[in-house]
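Which chain is which? The protein sequence lines are A and B, in order.
According to the numbering used here, the first sequence is numbered sequentially starting from 49.
According to the numbering used here, the second sequence is numbered sequentially starting from 929.
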Amino acid sequence: MRKSGLNWYALLVVVLTLLLLQISIVTPVVTSLTTDKSEYLRGEAVTISGTASAGEWVAIQVKDPNGVNVWIDSVKAGSDGSFTSSFRLSSTATYGTYTVYATPGPGGQPVTKTFQVVTAPPPPPPPPPPPPPVKKSSSMTITLDKTSITLGESVTISGLLTPALNVTVDLEIKCPNGTSVSKSILASKGAFTYVFKPDVAGVWSFKASWKGNDEYYGCESSTVTLIARGAVSLRIFVAPLITSVRSIIIIYADTSPALVDRSLVISYTTNKTVNWITIGSFNTGSDGIVACLFTPTEVAEYKFKVEWIGDSIFMPASATSPGVLVIAESLTAQDIVNALNQLKALQKLLEEKEAELKASRDTISMLNSQIAGLQHDLSNAQSRISSLESQLAETQSRLAEAESRVMLIGILALIVGLLIGILVAYLILKRRGAK
Amino acid sequence: MPKNNNKRTILISTLLCCGAMLLLLLTLIGSVSASDQMPFRIVSVTIRDEAGNPISQATRGQFIFVDIVIEKEAVPYYYDYYYYYDYGAQPFLVVARLTYGTPPSLMGLSGYRGSLAAGEQAEPTPGLQIPPTGPSGNYVITVLTYSNWPAAGGVTAAEPVLIVIPVT
């Protein structure tokens, strides 16, 4: 009876001891919790760090002196058990003591840590202003190797800064349309050159400047100009190409690049004359276009010509139209009716094509919205797959770790059980021997 | 006979202790494999405007909703902060956190409390307002799940989910 009671007593001691051992194994804990500083200013970054059980999630919350939440986070401890969470304090953060709470989970006990938010020290007084420097004057000149070029050629701009310094000077290039660009050029012993190729015809101007240094005041050169002459392309259109005597012919000419408010001469000739007869001079509009009306007076083939005599910026040019056949008979009423009918038919066709185009645009818009919806769904599915894959990998890793732990614990359990069994047997035998 | 009794005593004690250790080992296996799991899972997070339409960007001052689908895992888990096999409903706290910059500045916080039984889903939709005078750029919405507020002993109950939303 006593022997049996002793055995049960020994067994109870063993089981209770090992239950305590189990609790100490599986309960996660935060073993340390710190902040990178003990005092912070408003707007400063706070870094919370600590150590917990390896791979354990740690829930973090920070409250200000009034108990208001200023930060909350969940971070996972690394393989070495370390974890970190950072945030920036508000620029209006309350002064006083802040409390950091960190709870490892599941089943862990919360740990707290405090830090202070304090007022900033007053700013240092501004440094005294430096004494005004004593500077010398400087000067600069620039010249061009040519004052007039044809578009496509280059011009070399040479400059000289006095005193002869190795500094960077700025060359301002003003375009014919009024816009400016600036180039930085390195001067060697005060001398510098720059090769420039204009891309539009007109008057270009150049001016160099230097902002100075501690020893010399800055300076700038006088402005020099360059005329870049460009070629002009003319086109002439006439309508109709067949007409009758005393009907109106429309003559239309344009210039490229567009010459604005320039005088173009329009003239004509026929297959019955050899000379060109001037119709008149017409000024181009802001779009570089001129137009005029002409009434032929005889049956013949007419040709028309537009001429630009050139100026200091644009070179001369001319263009000739195709022949216009002027016949004696005018169009009949039936011809006009037929032409109107054709015009109506063309208008109807145009309306049909516009309706088809609108329907196609609507279809494209609908398909685009469907594509956007499908892309959104695809993005959600991809992120879900990615999340599941990472969860699977993590679970496999933990499973392997758990298996190794179980093996180790099993071996330990058997060894401890063997030792405790021998101990219990020894105690029982000793008790019997004492009796 | 006394010699045989001694041998029997040693044998029985050793077998009982080894058996107790193996029983304990089986308990440990259950707790080690199950306690690494999270009881909840964030199934999806969608940012919506005031009319409930999904959006991928927002403007300063705009009020947005964080549409969260949360699920209690279908298998009943032994979860250490309760210390029993849980077949009933478990409480949760979902927090939507709006931050900007690195390190992050807290620009908004919103939460929802509820409870779910195994296999159930819930769809809390906490609201957040983008600060009207805040900076423009990429804001981060983090969905955090706890068993309670960490200051009250709450622990992480689901893996956090991050969404970046450009703000103009």
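The C-beta atom is built at its ideal place from N, Cα and C for all residues, glycine as well.
Rounded C-alpha distance that separates Ile96 of chain A from Trp1077 of chain B: 18 angstroms
Distance between Ile337 of chain A and Ser369 of chain A (C-alpha atoms, nearest Å): 15 angstroms
Residues bridged to Gly207 of chain A (per DSSP): A:Ile190 and A:Phe240
Closer than 7 angstroms at the beta carbon, the chain B residues around Val118 of chain A: Leu1034
Unbroken stretches of the beta strand (DSSP E), 3 residues or longer, contained in the segment 404-468 of chain A: none
Straight-line gap, Ile108 of chain A to Gln1057 of chain B (C-alpha atoms, nearest Å): 23 angstroms
Within-8 angstroms CB hit, Ser134 of chain A to chain B: yes
Proximity winner among A:Val217, A:Thr198, A:Gly129 and A:Gly200, relative to Ser206 of chain A (alpha-carbon distances): A:Val217
Given Ser431 of chain A as reference, the closest of B:Thr974, B:Thr1053 and B:Leu939 once Cα atoms are compared: B:Thr974
The segment 991-999 of chain B in contact with the segment 1040-1054 of chain B per 3-pair CB rule at 8 angstroms: yes
The ligand ATP heavy atom lying under 7 angstroms from the CB of Ser1043 of chain B: The ligand ATP is not part of the structure shown, which contains no ligands of any sort.
Neighbourhood of Leu471 of chain A by C-beta, 7 angstroms cutoff - its chain only, sequence neighbours within 5 removed: none
Spatial distance of Gly1062 of chain B from Tyr1028 of chain B (CA atoms): 9 angstroms
CB contact below 8 angstroms: Pro1063 of chain B versus chain A: no
Contacts of Ala1079 of chain B in chain A (Cβ-Cβ under 8 angstroms): Gln109, Lys111, Thr147, Tyr149 and Pro158
Cβ pair Leu208 of chain A, Thr189 of chain A closer than 8 angstroms: yes
Helix, strand or coil at Arg480 of chain A [DSSP, three-state]: helix
Short CB-CB distance (under 8 angstroms) between Tyr1012 of chain B and chain A: Any reading at Tyr1012 of chain B is ruled out, since the residue's pLDDT is 41, under 50, leaving its predicted position unreliable.
Counterpart residues of Tyr1067 of chain B in DSSP-defined beta bridges: B:Tyr1028 and B:Ile1093
7 angstroms Cβ cut-off: residues of chain A touching Pro1054 of chain B: What Pro1054 of chain B touches in chain A: nothing, since even the nearest Cβ is about 13 angstroms away.
Neighbouring residues, chain B, relative to Ser122 of chain A (Cβ below 7 angstroms): Leu1072, Thr1084 and Pro1088
Cβ neighbour criterion (16 or more within 10 Å) applied to Tyr1011 of chain B: Because the pLDDT of Tyr1011 of chain B is 42, which lies under 50, any placement of that residue in the model is unreliable, and the number read from its coordinates should be weighed accordingly. With fewer than 16 Cβ atoms within 10 Å of its Cβ, Tyr1011 of chain B is classed as exposed.
Nearest candidate by alpha-carbon position, reference Arg283 of chain A, set A:Ser269, A:Ala339, A:Thr142 and A:Glu451: A:Ala339
Of the listed residues A:Thr332, A:Ile476 and A:Val123, nearest to Pro152 of chain A (C-alpha basis): A:Val123
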